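Going by numbering that gives the first Met the number 0, 45 is the number at position 46 of the sequence shown; the sequence numbering is gapless.
Backbone N, C-alpha and C define an ideal beta-carbon position, used for all residues, glycine too.
It should be emphasised that the depicted structure is a prediction, and the values quoted were computed from it without experimental measurement.
Everything below concerns the one structure shown next.
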Amino acid sequence: MSTKYIRNFCIIAHIDHGKSTLADRLLEETHTLSKKEMKAQVLDSMDLERERGITIKSHPIQMKYPHSDQQVYTFNLIDTPGHVDFSYEVSRSLAACEGALLLVDAAQGVEAQTVSNTYLAVENNLLLIPVINKVDLDSARIEDVRDQLIDLVGCDPDDIIEISAKTGEGVDKIFQAVVDRIPPPKDKAKDPARALIFDSMYDNYRGVIPYIRVFDGVIKTGMTAEFFSHQNSYEITEVGHFVLKHVPTMELRSGDVGYVIANIRDMDHIKPGDTMTVKQNKASERLKGYKKIKPMVFSGLYPADSDDYDQLRSALDKLKLNDASLLYTPETSDSLGFGFRCGFLGLLHMEIIQERLEREFNLSLVTTTPNVQYQVELKDGVLVEVDTPAKMPEGGKIIDILEPFVAGEIITPKEYIGGIMTLCQKKRGIYKTTHYLSAEKAQLHYEFPLSEIIFDFYD
0 MSTKYIRNFC
10 IIAHIDHGKS
20 TLADRLLEET
30 HTLSKKEMKA
40 QVLDSMDLER
50 ERGITIKSHP
60 IQMKYPHSDQ
70 QVYTFNLIDT
80 PGHVDFSYEV
90 SRSLAACEGA
100 LLLVDAAQGV
110 EAQTVSNTYL
120 AVENNLLLIP
130 VINKVDLDSA
140 RIEDVRDQLI
150 DLVGCDPDDI
160 IEISAKTGEG
170 VDKIFQAVVD
180 RIPPPKDKAK
190 DPARALIFDS
200 MYDNYRGVIP
210 YIRVFDGVIK
220 TGMTAEFFSH
230 QNSYEITEVG
240 HFVLKHVPTM
250 ELRSGDVGYV
260 IANIRDMDHI
270 KPGDTMTVKQ
280 NKASERLKGY
290 KKIKPMVFSG
300 LYPADSDDYD
310 QLRSALDKLK
320 LNDASLLYTP
330 ETSDSLGFGF
340 RCGFLGLLHM
350 EIIQERLERE
360 FNLSLVTTTP
370 NVQYQVELKD
380 GVLVEVDTPA
390 KMPEGGKIID
400 ILEPFVAGEI
410 ITPKEYIGGI
420 MTLCQKKRGI
430 YKTTHYLSAE
440 KAQLHYEFPL
450 SEIIFDFYD
């Protein structure tokens, strides 16, 4: 298929603005799944995602859309999380796309995660299609939200699509907009092969399966996969697309989104964000624009039963495979025994990892109080990173202790500004500016010590 009939896009939204419901509706309208296969929030495959009503992992799926110009278009939708803790997932997903649906709840309006994910999308040069969802609600404020979107992305009022993902109203306009507005991938099938690994999964029989977006060249069964982060190579035994399950195909060409099976057994060899190439048409440079994200919150995880230590290590290895933002190193505690010091993107990320370890791997865990990492400057000029009190150097050797700060943006209805500013002061916040997004909504800019806001600042 020519790349001009491919569209790679994602949906970005704040939590609970209807992203997973819209994804379901798109799958239904394109007959990607039969009525029997459809279940609410198809792309949220983890029980945890359904229970909490949030998306944690980025799920890809391919749809076929028969257009009025007699052409069948291939839509690759990469579902993305909305919560700030999973911005790492979002950044990988955006890097695999040319466009994004910017979804906003007609009653709630533009919220914090809408803003930050929009900035990420703009940084990745994505074409944005603004969509107002839940227009069927009695509490919908369509005109207000329209103005907020125009302020946020500077779009033309006519570019904004109004829909109800729940009832299906207006969803047909999204298909037309995806075809007309989102650019197709560039056709670089003759170039040396390069693909971005945006996710991966582990299969007990087939090993580590990287999920890729091919930017340049062609990747076929029988070729030898190589990676920029290490020197190992693997023979490719299968490539294919996603239609909720893996569907094998002959090859993946530039513009395609798919998976690769190559009997990779070492989980450390597949790093989301890495560039994959092939020995038969090898690229000399990795793909640009990928940023590594540092963990912000640290906590100790210990098995309640010391005999489960190896099982905990194996479970963390498997979770790390498709959550590259999770870091862990072995540590020992006098009272808790052998365990792991883990780094997370935030408290929700920490809770999700803990719940997944307990549910999916049947582990009983003891978790230490979360804290942040400090930098300690010593008299001999050495800078030491400290994430537990036990690692703090002796007082006589220390010149300075530095703590991590965050640049915070708080979006609030104007009547709460006073209360929020009082809270920020209590949390050692340093006020910067106030910017009014609309007559009713303001954006406050503060700098905070991270340790003050990881616990009970955001409820």
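Can you name, in chain order, every residue of its own chain whose Cβ lies under 8 Å from the Cβ of R140, other than the five neighbours on each side?
-> Closer than 8 Å at the Cβ level, and outside the excluded window around R140, lie A105, A106, G108.
Can you check whether the CB of I400 is closer than 8 Å to the CB of L436?
-> No. Outside cutoff.
Kindly indicate which residue of D179, G394, C341 has the alpha-carbon position closest to the one of T368.
-> The shortest Cα separation from T368 among D179, G394, C341 belongs to C341.
Let me know if V144 comes out buried or exposed under the rule of 16 or more other beta-carbons within 10 Å of its beta-carbon.
-> The residue in question, V144, is buried, as its Cβ has 16 or more Cβ neighbours within 10 Å.
Within 10 angstroms of its Cβ, does G394 collect 16 or more other Cβ (buried), or is it exposed?
-> Answer is exposed; the Cβ neighbour count stays below 16.
Through-space distance from H268 to I301, alpha-carbon basis = The residue you asked about is not Ile; residue 301 is Tyr in the sequence shown. Distance between the alpha carbons of Y301 and H268 is about 26 Å.
Supposed close pair D202, I208 - CB separation, criterion 8 Å | 6 Å between Cβ atoms; contact.
Which residues DSSP lists as bridging M249, in chain order | Under DSSP, M249 shares a beta bridge with no residue.
Collapsed DSSP secondary structure at D307 in the structure displayed | Per DSSP, reduced to three states, the secondary structure at D307 is helical.
Alpha carbon to alpha carbon, what distance is there between I77 and E237?
-> For E237 and I77, the distance between alpha carbons rounds to 21 Å.
In chain order, what residues of the same chain have a beta carbon less than 6 Å from the beta carbon of F74, not counting five sequence neighbours either side?
-> In its chain, beyond the 5 residues on either side, R6, M62, Y64 have a beta carbon closer than 6 Å to the beta carbon of F74.
How should V259 be labelled, buried or exposed, when 16 other C-beta atoms within 10 angstroms of its C-beta is the threshold for buried?
-> With 16 or more other Cβ atoms from the protein chains shown falling within 10 Å of its own Cβ, V259 counts as buried.
Taking Cβ positions, are C96 and L125 nearer each other than 8 Å?
-> Contact check for C96 against L125 passes: the beta carbons are separated by less than 8 Å.
What are the boundary residues of the beta strand (DSSP E) that I400 is part of?
-> Unbroken beta strand (DSSP E) run through I400: 397-401.
Run through DSSP, which three-state label would C341 get?
-> C341: strand per DSSP, three-state reduction.
Beta-bridge pairing of I260 - partner residues as DSSP gives them = DSSP output for I260 lists E237 as bridge partner(s).
Could you tell me the boundaries of the beta strand (DSSP E) in which G417 lies?
-> Where G417 is concerned, there is no enclosing beta strand (DSSP E), although the alpha helix (DSSP H) it sits in stretches over 416-425.
Neighbour-count burial assignment, L93, 16 or more Cβ in a 10 Å radius | Flag for L93 reads buried.
Closest residue to P183 among Q310, G98, P129, L325 (Cα-Cα distance) = The shortest CA-to-CA distance from P183 to any of Q310, G98, P129, L325 is the one to G98.
E451 vs K431 beta-carbon contact at 8 Å = Their beta carbons are not under 8 Å apart, which means E451 does not touch K431 by this criterion.
Can you have a look at H13 and say buried or exposed, based on whether 16 or more other CB atoms are within 10 angstroms of its CB?
-> H13 is buried by the Cβ-count criterion.
Look at the alpha carbon of Y445 and the alpha carbon of V114, and state the distance between them as a whole number of angstroms.
-> Taking the straight line from one Cα to the other gives about 16 Å.
If you run the structure through DSSP and keep just helix, strand and coil, what is G17?
-> Correct three-state label for G17: coil.
Using alpha carbons as the reference points, say which of G169, P129, K133 lies closest to P156.
-> In terms of CA proximity to P156, P129 leads the group G169, P129, K133.
Could you say if the stretch 313-324 and the stretch 350-367 meet the contact criterion of at least three C-beta pairs nearer than 8 Å?
-> The stretch 313-324 vs the stretch 350-367: in contact.
Whole alpha helix (DSSP H) runs in the stretch 165-246 with 4 or more residues, listed along the chain?
-> Qualifying alpha helix (DSSP H) stretches, in chain order: 170-180.
Kindly indicate the opening and closing residues of the beta strand (DSSP E) around A389.
-> Counting along the chain, A389 falls outside any beta strand (DSSP E), and DSSP gives it neither H nor E.
Is the distance from the Cβ of I235 to the Cβ of A261 below 8 Å?
-> Cβ atoms of I235 and A261: closer than 8 Å.
Using DSSP with H/G/I as helix, E/B as strand and the rest coil, what is I149?
-> Three-state result, I149: helix.
Taking 8 Å as the cut-off, decide whether the C-beta atoms of L485 and L243 are in contact.
-> Here the chain has residues from 0 to 458 only, and residue 485 is not among them.
Residue nearest to S363 in terms of C-alpha spacing, selected from L326, G407, D306 | Of L326, G407, D306, the residue nearest in Cα terms is D306.
By how many angstroms is the C-alpha of D186 removed from the C-alpha of S253?
-> Rounded to whole angstroms, S253 to D186 spans 6 Å at the Cα level.
Thinking G169 and I162 are a contact (beta carbons under 8 Å), I'd like their distance in whole angstroms, please.
-> For a cut-off of 8 Å, the C-beta gap from G169 to I162 is around 4 Å, short enough to register as a contact.
In terms of alpha-carbon separation, which member of L443, F337, Y204 lies closest to L422?
-> Out of L443, F337, Y204, L443 has the C-alpha closest to the C-alpha of L422.
Indicate the three-state DSSP secondary structure (helix, strand or coil) for A406 in the structure shown.
-> In this structure, A406 counts as strand in the three-state DSSP scheme.
Under a three-way DSSP split, which group does K281 fall into?
-> In this structure, K281 counts as strand in the three-state DSSP scheme.
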